[in-house]
Amino acid sequence: MTLPFNIQAQAGAARQARIETAHGPVETPAFMPVGTAGTVKAVPQDILEDLGADNLGAQIILGNTYHLYLRPGHELVRKLGGLHKFMSWERALLTDSGGFQVFSLSELRKVTEEGVSFRSHLDGTSHLFTPERSMEIQIALGADIVMAFDECTEHPAERERARQSMEMTLRWARRSKEYFEAHKQECPWAESGHRGIGSSRHPETLHTPATRPGAAAEDESVSKELPATPALFGIVQGGMYADLRRESAERTVEIGFPGYAIGGLSVGESREKTRDMIAATLEILPKDKPRYVMGVGYPEEIVQYAAMGVDMMDCVLPTRAARHGLLFTSEGRVNIKNARYAQDQGPPDSKCGCRVCRRYSRAYLRHLFVSAEPLAAVLNTMHNLAFYLDTMRAVRHAITLGDLSGILSGSVSLA
RNA sequence: GCACAGGUGACCGAGUGGUUAAUGGUAGCAGACUGUAAAUCUGCCGCUCUUCGGAGCUACGGAGGUUCGAAUCCUCCCCUGUGCA
Numbered sequence: 002m003t004l005p006f007n008i009q010a011q012a013g014a015a016r017q018a019r020i021e022t023a024h025g026p027v028e029t030p031a032f033m034p035v036g037t038a039g040t041v042k043a044v045p046q047d048i049l050e051d052l053g054a055d056n057l058g059a060q061i062i063l064g065n066t067y068h069l070y071l072r073p074g075h076e077l078v079r080k081l082g083g084l085h086k087f088m089s090w091e092r093a094l095l096t097d098s099g100g101f102q103v104f105s106l107s108e109l110r111k112v113t114e115e116g117v118s119f120r121s122h123l124d125g126t127s128h129l130f131t132p133e134r135s136m137e138i139q140i141a142l143g144a145d146i147v148m149a150f151d152e153c154t155e156h157p158a159e160r161e162r163a164r165q166s167m168e169m170t171l172r173w174a175r176r177s178k179e180y181f182e183a184h185k186q187e188c189p190w191a192e193s194g195h196r197g198i199g200s201s202r203h204p205e206t207l208h209t210p211a212t213r214p215g216a217a218a219e220d221e222s223v224s225k226e227l228p229a230t231p232a233l234f235g236i237v238q239g240g241m242y243a244d245l246r247r248e249s250a251e252r253t254v255e256i257g258f259p260g261y262a263i264g265g266l267s268v269g270e271s272r273e274k275t276r277d278m279i280a281a282t283l284e285i286l287p288k289d290k291p292r293y294v295m296g297v298g299y300p301e302e303i304v305q306y307a308a309m310g311v312d313m314m315d316c317v318l319p320t321r322a323a324r325h326g327l328l329f330t331s332e333g334r335v336n337i338k339n340a341r342y343a344q345d346q347g348p349p350d351s352k353c354g355c356r357v358c359r360r361y362s363r364a365y366l367r368h369l370f371v372s373a374e375p376l377a378a379v380l381n382t383m384h385n386l387a388f389y390l391d392t393m394r395a396v397r398h399a400i401t402l403g404d405l406s407g408i409l410s411g412s413v414s415l416a
């Protein structure tokens with residue numbers, strides 16, 4: 002089994018499922034915090050492990066190929082046992098392929114059929130990323146889920162440009178898969194025959210499973226079916242053209258992956274357009290595989306997409322916005338630096354049960370932010386991630402109950 | 001008391017005759033942020049009006065003066081720092 006995906010409940014198009022990775026389960030629909038450079042910025046790993054009202058914490062986080070390749074270098078990470086061990090994160094890990102950097106570093110790169118030549122934003126040195134290279138790096142990092150190397154098409158893009166970009170992403174997907182299948186055994190944990198969260202791969206840094214509620218539910222019969230290698234996801238592109246999206250989805254499915262991502266969204270288009278593109282793509286993607294919308298979104302967006310049948314999402318928004326003083330709450334957005342919170346003794350979110358809301362006032366968080374205290378970033382990020390994780394937990398619960406109407410209308414409390 | 005050096009908008013600090021309501025910072029106020037080149041970026045930041053194009057008023061320690069025109073030059077006064085007594 003490359004990546005078990007067991008659907009446990011459905012409500013309309015939405016599904017509540019469980020992905021079994023070699024590093025623990027992932028309950029879906031899931032929000033995945035972004036940890037670009039081997040850290041979810043401002044939050045220690047042990048805190049990530051029990052964020053949220055139920056202390057389930059994040060079950061999966063992201064890392065980034067481009068950033069970790071430049072620093073500290075994927076070979077160093079491999080030498081140190083892989084990214085899980087390096088950053089002491091025992092749960093599931095997904096690495097982005099560097100495809101998004103093709104888009105975001107547009108002034109520092111050049112795209113050709115072979116791949117993308119980059120200038121490092123750190124020191125200006127030149128580097129070439131190809132599908133093969135991206136796979137090599139991701140395998141060395143040892144993520145549980147590896148992403149195909151794609152081109153995130155810019156927006157706006159003419160139809161013909163979007164088509165050509167999509168075609169190249171398809172060719173790169175085949176190359177990604179070919180290299181990945183030939184080399185996936187080389188990932189740091191595949192070689193050791195690691196199975197499941199319960200084994201003590203590096204006991205010197207491990208917590209015992211019993212102390213980590215979110216990851217402690219494994220039993221031996223399930224463990225035997227856990228993946229022995231990473232899994233590679235394909236990525237659908239197609240710009241803002243529904244027919245291209247469908248074609249991209251069909252042809253990506255033909256190549257065959259254990260999960261599919263929808264990329265190239267939230268790049269400047271309207272929310273309605275984003276939703277339409279997701280809807281068009283979901284029509285085609287197989288219902289028995291995880292579907293992952295990359296790079297979204299606001300709390301209300303991830304709820305909506307989950308309701309449409311999306312299983313996984315990631316976004317820098319909760320972490321970045323937190324560092325910029327924006328808190329997401331059940332009462333809407335709170336810009337904690339605003340003067341009106343200077344004497345507000347209430348919690349950031351009166352309906353949130355996270356450890357930040359239980360302990361600190363808006364006045365204090367504002368003071369920390371205004372004072373540029375590092376703790377401001379820590380506490381704000383902890384809250385935002387807890388809010389996102391709790392939002393997804395509420396969505397999963399609602400699916401189990403077979404009714405998403407309450408949470409879609411925003412009338413259901415998260416805590 | 002004498003000699004230098006200074007006194008600029010909330011603060012620091014440019015500017016030494018007009019293009020100056022006055023460069024830059026900081027503080028303050030608000031906004032943005034969607035597979036992280038982001039603890040970042042943007043706007044506002046003398047007062048009063050405004051059809052949002054602008055209009056008027058006040059302002060570079062104080063008071064006079066020179067000049068078509070002064071934060072900028074001159075005189076006197078006040079204050080601050082340093083040195084010498």
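To convert, count from 1 in the first sequence and add 1; that's our numbering.
Every residue gets a Cβ at the ideal spot worked out from N, C-alpha and C, and that includes glycine.
Note that the structure is a prediction, hence the values are computed from the model and not measured.
- Per DSSP, A378 is one residue of the alpha helix (DSSP H) stretching across 375–402.
- If you ignore the 5 residues before and after V311, its C-beta comes within less than 6 Å of the C-beta of R292, V294, all in its own chain and listed in chain order.
- Per DSSP, reduced to three states, the secondary structure at D289 is coil, with no helix or strand assignment.
- In the DSSP assignment, F6 forms a beta bridge with I20.
- Within the region 26–96, complete alpha helix (DSSP H) segments of at least 4 residues are found at 46–49, 66–71, 75–80, 84–87, given in chain order.
- Under the three-state reduction of DSSP output, M313 falls in the strand class.
- Proximity to E155 across A149, H398, S105, S135 peaks at S105, based on C-alpha coordinates.
- Fewer than three pairs of CB atoms, one per stretch, sit closer than 8 Å, so the region 80–87 makes no contact with the region 155–165.
- Counted as a single uninterrupted DSSP element, the stretch harbouring Y261 is not any alpha helix (DSSP H) but the beta strand (DSSP E) occupying residues 261–263.
- Where M295 is concerned, there is no enclosing beta strand (DSSP E), because DSSP gives it neither an H nor an E.
- Sorting S331, P300, K274, G260 by C-alpha distance to the C-alpha of I285 places G260 at the top.
- The beta-carbon distance between F130 and V117, rounded to whole angstroms, is 5 Å. This is short enough to meet the 8 Å contact definition.
- Assigned with DSSP and collapsed to three states, S351 falls in coil, not helix or strand.
- The region 296–307 makes contact with the region 315–326: 3 or more CB pairs, one atom from each, lie closer than 8 Å.
- A343 counts as exposed, since fewer than 16 other C-beta atoms from the protein chains shown sit within 10 angstroms of its C-beta.
- Annotation: the continuous alpha helix (DSSP H) that includes G100 extends over 100–105.
- The region 391–399 makes contact with the region 41–54; the number of CB pairs closer than 8 Å reaches 3 or more.
- With 16 or more other CB atoms across the displayed protein chains lying within 10 angstroms of its CB, K185 is buried.
- The region 360–374 makes no contact with the region 10–24; the number of CB pairs closer than 8 Å stays below 3.
- Three or more beta-carbon pairs separated by less than 8 Å link the region 226–244 to the region 175–185, which places the two stretches in contact.
- Setting aside the 5 residues that flank it on each side, Q346 is surrounded in the same chain by S362, A364, each with a C-beta closer than 7 Å to its C-beta; the list follows chain order.
- The residue from F370, G354, L245, V27 with its alpha-carbon nearest to that of M169 is L245.
- When rounded, the separation of the alpha-carbon atoms in R360 and H384 is 11 Å.
- Straight-line measurement puts the Cα of E108 at about 43 Å from the Cα of I400.
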